[in-house]
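All remarks here apply to the structure that follows.
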Amino acid sequence: MSQGVIQVMDFVPIWTLILGLAVFFYVLLDGFDLGVGILFGLAPDTASRNTIMNSIAPIWDGNETWLVLGGLGLLAAFPLAFAIILPAVYFPILVMLLALIFRGVAFEFRFRDAERKTFWDHGFSYGSGIATFAQGVVLGNFIQGFRVSGRVFSGSSFDFLTPFSVLTGIALLFGYALLGAGWLILKTRGELQDAARHQGRVCLIGVLAGIGIVSIWTPLMNPAIAARWFTFPNIIFLAPVPIATIAVTLLTWHALGSRSEVLPFVGGIGLFVLSYIGIAISLYPMIVPYHFTLWESASSDRTQVFLLIGTLVLLPVILMYTSWSYWVFRGKVRADIGYH
12 MSQGVIQVMD FVPIWTLILG LAVFFYVLLD GFDLGVGILF GLAPDTASRN TIMNSIAPIW
72 DGNETWLVLG GLGLLAAFPL AFAIILPAVY FPILVMLLAL IFRGVAFEFR FRDAERKTFW
132 DHGFSYGSGI ATFAQGVVLG NFIQGFRVSG RVFSGSSFDF LTPFSVLTGI ALLFGYALLG
192 AGWLILKTRG ELQDAARHQG RVCLIGVLAG IGIVSIWTPL MNPAIAARWF TFPNIIFLAP
252 VPIATIAVTL LTWHALGSRS EVLPFVGGIG LFVLSYIGIA ISLYPMIVPY HFTLWESASS
312 DRTQVFLLIG TLVLLPVILM YTSWSYWVFR GKVRADIGYH
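Following this line, the structure appears as structure tokens:
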């Protein structure tokens, strides 16, 4: 690509789209299997736990590909944002990674270490919950913003621990568990599926409470966000987002109480999509709230072009093998024979 074309084109929107999709796919795909891990701890017996484990066994580790893509994309395309955000949330990210590692170890060892299977089962469930809560804390810190001096993070190592970040951590536990319940409804039958429907309704109440509190708290924290949502004519143009959230919540609640197997999972995804849109509306174009925009944090055009070439080659491959793995392992699962 010639120097003239590079200078004319704006690659920030492209990288914003790639990074946004990577984060969303991670939240969706790893979110439901972390949710399954959270609900795994509530399974009543070994057969139920085996069924739950088998429902995600073929695909759980591949879901974390999106976490790697998102992290590396942030580092490469928006290095200033990476340099500020990472120190600000270093501890919750460290806890998340350690929990994900222990969760993965527990997943493998429960099949090979029969004498300590109960220990590994607890490790898988607690690892899923801790990793989810840590991700919610990171999200809360991102929404409320960071202390920045010049171009560096100027806060303390414990700035991440606030009432708002704890709230978002708890809300994400309910959110991932809702996705996990939807996945189990898709993949199981009988008593296990009925239990997932009940758990899904409990989680849906928690999700709705979390969305409501965050939606009130966030504009109270920042006048700019309040102005974006509640001034005229924005309030008219943005009203479909909360209205759609209420509609999807009601649809999901009904689906969880019916015999539908697809709608509970689709409804959970819909709530995450709407929440994602709401956060984007509140913060755009900031990537380091409320200090630096996407353009101010971006790397040079030549760097973005160089990385974009490789990303556009690899991204379709990731999408294809992810889609293929889900297609191959479609259908119901059983504790004794896996998928059939």
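Using the numbering used here, you'd call the opening residue of the sequence shown number 12 and step up by one each time.
Positions of the beta carbon are idealized from the N, C-alpha and C atoms, including for glycine.
Please check the pair residue i and residue j, which I expect to be a contact at CB under 8 Å, by giving their CB distance rounded to whole angstroms.
{"i": "G84", "j": "I29", "result": "6 Å"}
{"i": "A88", "j": "A309", "result": "6 Å"}
{"i": "T143", "j": "I290", "result": "In fact, because the Cβ distance is near 17 Å, the residues do not count as touching under 8 Å."}
If the criterion is Cβ atoms closer than 8 Å, does the pair residue i and residue j meet it?
{"i": "V106", "j": "L178", "result": "no"}
{"i": "S66", "j": "K198", "result": "yes"}
{"i": "G157", "j": "G151", "result": "A small correction: the amino acid at residue 157 is Phe; Gly does not occupy that position in the sequence shown. No, these two residues do not count as a Cβ contact at 8 Å."}
{"i": "I292", "j": "L261", "result": "no"}
{"i": "G221", "j": "I181", "result": "yes"}
{"i": "Y187", "j": "G46", "result": "yes"}
{"i": "F303", "j": "A92", "result": "yes"}
{"i": "P230", "j": "F243", "result": "no"}
{"i": "I63", "j": "L195", "result": "yes"}
{"i": "F22", "j": "Q315", "result": "yes"}
{"i": "I96", "j": "Y337", "result": "no"}
{"i": "W228", "j": "F164", "result": "no"}
{"i": "F135", "j": "F51", "result": "yes"}
Residue i lies in the alpha helix (DSSP H); which residues open and close that run?
{"i": "V100", "result": "Segment: none, V100 is in no alpha helix (DSSP H) and carries neither H nor E."}
{"i": "I354", "result": "What is shown of the chain runs 12 to 351, which leaves residue 354 out entirely."}
{"i": "V299", "result": "From DSSP, V299 is part of no alpha helix (DSSP H) but of the beta strand (DSSP E) over M297 to V299."}
{"i": "P24", "result": "V23 to F51"}
{"i": "L198", "result": "The question names Leu, but residue 198 in the sequence shown is Lys. Where K198 is concerned, the enclosing alpha helix (DSSP H) stretches over P174 to K198."}
{"i": "N233", "result": "Here N233 belongs to no alpha helix (DSSP H), and DSSP marks it neither H nor E."}
{"i": "R313", "result": "D312 to V339"}
{"i": "M64", "result": "T57 to I67"}
{"i": "F89", "result": "Note, F89: premise wrong, no alpha helix (DSSP H); not H, not E."}
{"i": "F135", "result": "K128 to Q155"}
{"i": "F276", "result": "L274 to L294"}
{"i": "E307", "result": "L305 to S308"}
Using a Cβ-Cβ cutoff of less than 7 Å, which residues in the same chain neighbour residue i once the five nearest sequence positions on both sides are dropped?
{"i": "Q146", "result": "M107 and L183"}
{"i": "A266", "result": "L274, P275 and G278"}
{"i": "Y350", "result": "With a pLDDT of only 47 at Y350, under 50, the local geometry of the prediction cannot be trusted, and the value read off the model is given with reservation. Correct list, in chain order: F340, G342 and V344."}
{"i": "R270", "result": "none"}
{"i": "R200", "result": "K343"}
{"i": "N245", "result": "R239"}
{"i": "I329", "result": "T76"}
{"i": "F185", "result": "C214, G217, V218 and G221"}
{"i": "D124", "result": "W131"}
Between the options, which lies nearest to residue i when the distance is taken from Cα to Cα?
{"i": "P300", "options": "V159, G48 and T57", "result": "V159"}
{"i": "W264", "options": "G217, S286, V284 and F36", "result": "G217"}
{"i": "P24", "options": "I320, L305, F241 and F317", "result": "L305"}
{"i": "L111", "options": "F93, K128, L78 and A125", "result": "L78"}
{"i": "F171", "options": "F185, F153 and Y187", "result": "F153"}
{"i": "G211", "options": "I257, I227, V34 and G268", "result": "G268"}
{"i": "A255", "options": "A117, Y287, P234 and L231", "result": "Y287"}
{"i": "W335", "options": "G73, M20 and L219", "result": "G73"}
{"i": "L203", "options": "E272, L39 and V100", "result": "E272"}
{"i": "P90", "options": "R239, W26 and A68", "result": "W26"}
{"i": "V252", "options": "G223, R270 and N233", "result": "G223"}
{"i": "L190", "options": "F35, N245 and L39", "result": "L39"}
{"i": "N61", "options": "L86, W131, D205 and L323", "result": "W131"}
{"i": "G81", "options": "F185, T129 and F35", "result": "F35"}
{"i": "A117", "options": "G161, A68 and V328", "result": "A68"}
{"i": "Q155", "options": "R162, I236 and M331", "result": "I236"}
{"i": "T129", "options": "R208, T57 and P98", "result": "T57"}
{"i": "L294", "options": "N233, M20, A94 and E126", "result": "N233"}
{"i": "F113", "options": "I247, H133, D205 and P327", "result": "H133"}
Cutting at 8 Å between CB atoms, please list the residues of its own chain near residue i, excluding the five before and the five after it.
{"i": "V259", "result": "G278, G281, L282 and L285"}
{"i": "F102", "result": "S168, F169 and F171"}
{"i": "E75", "result": "Y37, D41 and L111"}
{"i": "V148", "result": "V100, P103, F171, L172, S176, V177, T179 and G180"}
{"i": "E307", "result": "L91"}
Do residue i and the ligand ADP come close, with the Cβ less than 7 Å from some heavy atom?
{"i": "A68", "result": "Looking at this structure, you won't find the ligand ADP or any other ligand, since it has none at all."}
Which same chain residues end up closer than 6 Å to residue i when comparing Cβ atoms and leaving out the 5 residues on each side of it in sequence?
{"i": "G193", "result": "P275, F276 and G279"}
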